[in-house]
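J.: Input: one structure, supplied below.
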Amino acid sequence: MASRTERSAFNSWWWTVDRLMLMTILALMLIGIVLLLAASPAVAERIGINDMFHFVNRQAILIPPALMVMVGVSFLSPQALRRLALAVFIVSIMLVVATLLFGAEVKGSKRWIAGIQPSEFLKPAFVVLAAWLFSENVKRPDVPGNILAILLLTCSAGLLIMQPDFGQTMLISIVWGALFFMAGLHWFWMVGLGGIGTVGIVAAYHFIPHVTSRIDRFLKPEGTDTFQVDVARDAFLSGGWFGKGPGEGTYKLILPDCHTDFIMAVTGEEFGLLFVMVLVAMFALIVLRGFWHAFRLEDPFCRFATAGLTLLFGLQSSINLMVNLHMMPAKGMTLPFISYGGSSLISVAYGMGMVLALTRRRPRTDMLESAFTFRDRHRGPSEAGVGLAS
Numbered sequence: 016m017a018s019r020t021e022r023s024a025f026n027s028w029w030w031t032v033d034r035l036m037l038m039t040i041l042a043l044m045l046i047g048i049v050l051l052l053a054a055s056p057a058v059a060e061r062i063g064i065n066d067m068f069h070f071v072n073r074q075a076i077l078i079p080p081a082l083m084v085m086v087g088v089s090f091l092s093p094q095a096l097r098r099l100a101l102a103v104f105i106v107s108i109m110l111v112v113a114t115l116l117f118g119a120e121v122k123g124s125k126r127w128i129a130g131i132q133p134s135e136f137l138k139p140a141f142v143v144l145a146a147w148l149f150s151e152n153v154k155r156p157d158v159p160g161n162i163l164a165i166l167l168l169t170c171s172a173g174l175l176i177m178q179p180d181f182g183q184t185m186l187i188s189i190v191w192g193a194l195f196f197m198a199g200l201h202w203f204w205m206v207g208l209g210g211i212g213t214v215g216i217v218a219a220y221h222f223i224p225h226v227t228s229r230i231d232r233f234l235k236p237e238g239t240d241t242f243q244v245d246v247a248r249d250a251f252l253s254g255g256w257f258g259k260g261p262g263e264g265t266y267k268l269i270l271p272d273c274h275t276d277f278i279m280a281v282t283g284e285e286f287g288l289l290f291v292m293v294l295v296a297m298f299a300l301i302v303l304r305g306f307w308h309a310f311r312l313e314d315p316f317c318r319f320a321t322a323g324l325t326l327l328f329g330l331q332s333s334i335n336l337m338v339n340l341h342m343m344p345a346k347g348m349t350l351p352f353i354s355y356g357g358s359s360l361i362s363v364a365y366g367m368g369m370v371l372a373l374t375r376r377r378p379r380t381d382m383l384e385s386a387f388t389f390r391d392r393h394r395g396p397s398e399a400g401v402g403l404a405s
């Protein structure tokens, strides 16, 4: 066990990082492998892969790099995080453009190039840069941070819409709007941006067949193809409170994306609703811890970035769960740390590594607070008041 008195980079990190959040994330990664063991063999057999554990093995190979990314990023200072986010954002934008030009079209969208989904890495970097711009506008009103943040959103959302990837576009837009609200936007901006978003959704519904189909399947299921969501719902009902047991599920044999978008349906059938509730509680714990830290942080950048990254994680988790329960149209969004997907795993680890870095207790701040507390305890009321005023 690491000693508090031993001076090393690891000790400094270990005693200042949010260990409860860290352990919950590690537990989710391990649970993800177990759930893939239950869900993915049926997919591998259905699509003709000889190795039944193809998807499990590929995900397990990526767990160590994901851990290295998360832990390595959590060592960084806020200044270093901003520089890293800028570099990741530039590279991601370049890869998104390359995907539009040279990527293969899958299910009507161009999202992949060389086995990488660049939009996954764009999201956390985008949130940190937006938080940086909004915080600069708060600290120095002469800096056009809000205008630059609007340009940042326009550039990012425009490229994602061209793929098209409306799920990721909606995700970063909601987080961006929340950060704008935290930065003290005027009601005029709220109404204007809300109107633009509404017009965009209506236009997408009327002019993009892919969006029209998904919304119609959700709003008017009669006479439309709702096979996946119907099977997912039946899987939950079949599992009951305690599930059929690991490997005993049957709906995964016919559920197309049961190792990615609909892995929670397999979880509900084989492990039961109680286990699903435990998983939801673990996600909720991470989100609540993140918001709690954001509320306590004094630096505007750290506060905005922590809240934005936490909201990004929580929204993506909620969207996946709601799609599984047929509470919203299908979005093709993975469940963080659980669903199969290398790009998703590494990018979420990168985002949560930044949360761990931003929420670390700074030793110097702790020592100063302890010193003031000790001094005030040994002074009279009037002396303590003088000390605080100084």
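Converting from the sequence shown to the working numbering requires adding 15 to each position, the first position being numbered 1.
Note that beta-carbon positions come from the ideal geometry of N, C-alpha and C, so glycine has one too.
1) Give me the DSSP bridge partner(s) of residue 131.
2) Figure out for me which residue from 185, 255, 264 and 316 has the closest Cα to the Cα of residue 160.
3) Hey, how far is the Cα of residue 288 from the Cα of residue 273?
4) Who are the near neighbours of residue 191 in its chain, counting only those whose CB is closer than 6 Å to its CB and skipping five residues on each side?
5) For the 8 Å Cβ check, are there 3 or more pairs between the region 47 to 59 and the region 266 to 281?
6) Alpha carbons only, please: which of 257, 262 and 271 is nearest the one belonging to residue 244?
7) Please state the DSSP three-state secondary structure of residue 60.
8) Return the bridge partner residues of residue 119 from the DSSP annotation.
9) Out of 294, 285 and 329, which one is the CA nearest neighbour of residue 303?
10) Between residue 79 and residue 247, what straight-line distance do the alpha-carbon atoms span, to the nearest angstrom?
11) By how many angstroms is the C-alpha of residue 57 removed from the C-alpha of residue 64?
12) In whole angstroms, what separates the C-alpha of residue 369 from that of residue 325?
13) Does residue 152 pass the burial test, meaning 16 or more other C-beta atoms within 10 Å, or should it be called exposed?
14) Tell me which residues share the same chain as residue 114 and place their Cβ nearer than 8 Å to its Cβ, disregarding the 5 neighbours each side in the sequence.
15) Can you tell me where the alpha helix (DSSP H) with residue 284 in it begins and where it stops?
16) For residue 140 versus residue 100, is the C-beta distance shorter than 8 Å?
17) Given this structure, state the Cα-to-Cα distance separating residue 381 from residue 27, to the nearest angstrom.
18) Using three-state DSSP, classify residue 66 as helix, strand or coil.
19) Using the three-state DSSP reduction, which class does residue 359 fall into: helix, strand or coil?
20) Secondary structure at residue 212, three-state DSSP: helix, strand or coil?
21) Taking the CB atoms as reference points, tell me whether residue 334 and residue 348 lie closer together than 8 Å.
22) Taking residue 219 and residue 181 to be in contact with their CB atoms under 8 Å, please state how far apart those CB atoms are, rounded to whole angstroms.
23) Thinking C-beta only, is residue 89 closer than 8 Å to residue 309?
24) For residue 67, which residues in the same chain have their Cβ closer than 6 Å to its Cβ, ignoring the five residues on either side in sequence?
25) Given a cut-off of 8 Å on the beta-carbon distance, is the pair residue 186 and residue 331 in contact?
26) Return the CA-CA distance between residue 297 and residue 36, expressed in angstroms with no decimal places.
27) Please classify residue 257: does DSSP put it in a helix, a strand, or coil?
28) Given this structure, state the Cα-to-Cα distance separating residue 189 from residue 261, to the nearest angstrom.
29) Could you give the distance in angstroms between the alpha-carbon of residue 71 and the alpha-carbon of residue 106?
30) May I ask you to report which of helix, strand or coil DSSP gives residue 76?
T.: This is what the structure holds:
1) DSSP output for residue 131 lists 128 as bridge partner(s).
2) Residue 316 is the option with its Cα nearest to residue 160.
3) Computed Cα separation, rounded: 17 Å.
4) Excluding positions up to five away in sequence, the list reads 145 and 168.
5) These segments touch.
6) That would be 271, whose Cα lies nearest to the Cα of residue 244.
7) Correct three-state label for residue 60: helix.
8) Note: residue 119 is bridge-paired with 127 in the DSSP secondary-structure output.
9) Answer by Cα proximity: 329.
10) Going from the Cα of residue 79 to the Cα of residue 247 covers about 31 Å.
11) Residue 64 and residue 57: Cα-Cα distance of roughly 10 Å.
12) Using only the alpha carbons, I get a separation of about 10 Å.
13) By the neighbour-count rule (16 or more Cβ atoms within 10 Å), residue 152 is buried.
14) Contacts found: 125, 126, 127, 128, 133 and 178.
15) Going by DSSP, residue 284 is part of the alpha helix (DSSP H) stretching over 278 to 311.
16) Note that the C-beta distance between residue 140 and residue 100 is below 8 Å.
17) With a pLDDT of 45 at residue 381, under the threshold of 50, the predicted position of this residue should be treated as unreliable, though the coordinate-derived value follows. Distance between the alpha carbons of residue 381 and residue 27: 13 Å.
18) The answer is coil: DSSP assigns residue 66 none of H, G, I, E or B.
19) Helix, per DSSP.
20) Note: residue 212 maps to helix in three-state DSSP.
21) Yes, Cβ-Cβ distance for residue 334 and residue 348 is below 8 Å.
22) Confirmed, about 6 Å.
23) No, they are not a contact pair.
24) Apart from the 5 residues on each side of it in sequence, residue 67 sits with its Cβ closer than 6 Å to the Cβ of 56 and 59 in its chain, given in chain order.
25) Going by C-beta atoms, residue 186 is nearer than 8 Å to residue 331.
26) Those two C-alpha atoms are separated by around 9 Å.
27) DSSP places residue 257 outside both helix and strand once states are collapsed to three, so it counts as coil.
28) Taking the straight line from one Cα to the other gives about 37 Å.
29) Residue 71 and residue 106 have their C-alpha atoms spaced approximately 29 Å apart.
30) Here residue 76 sits in helix by DSSP.
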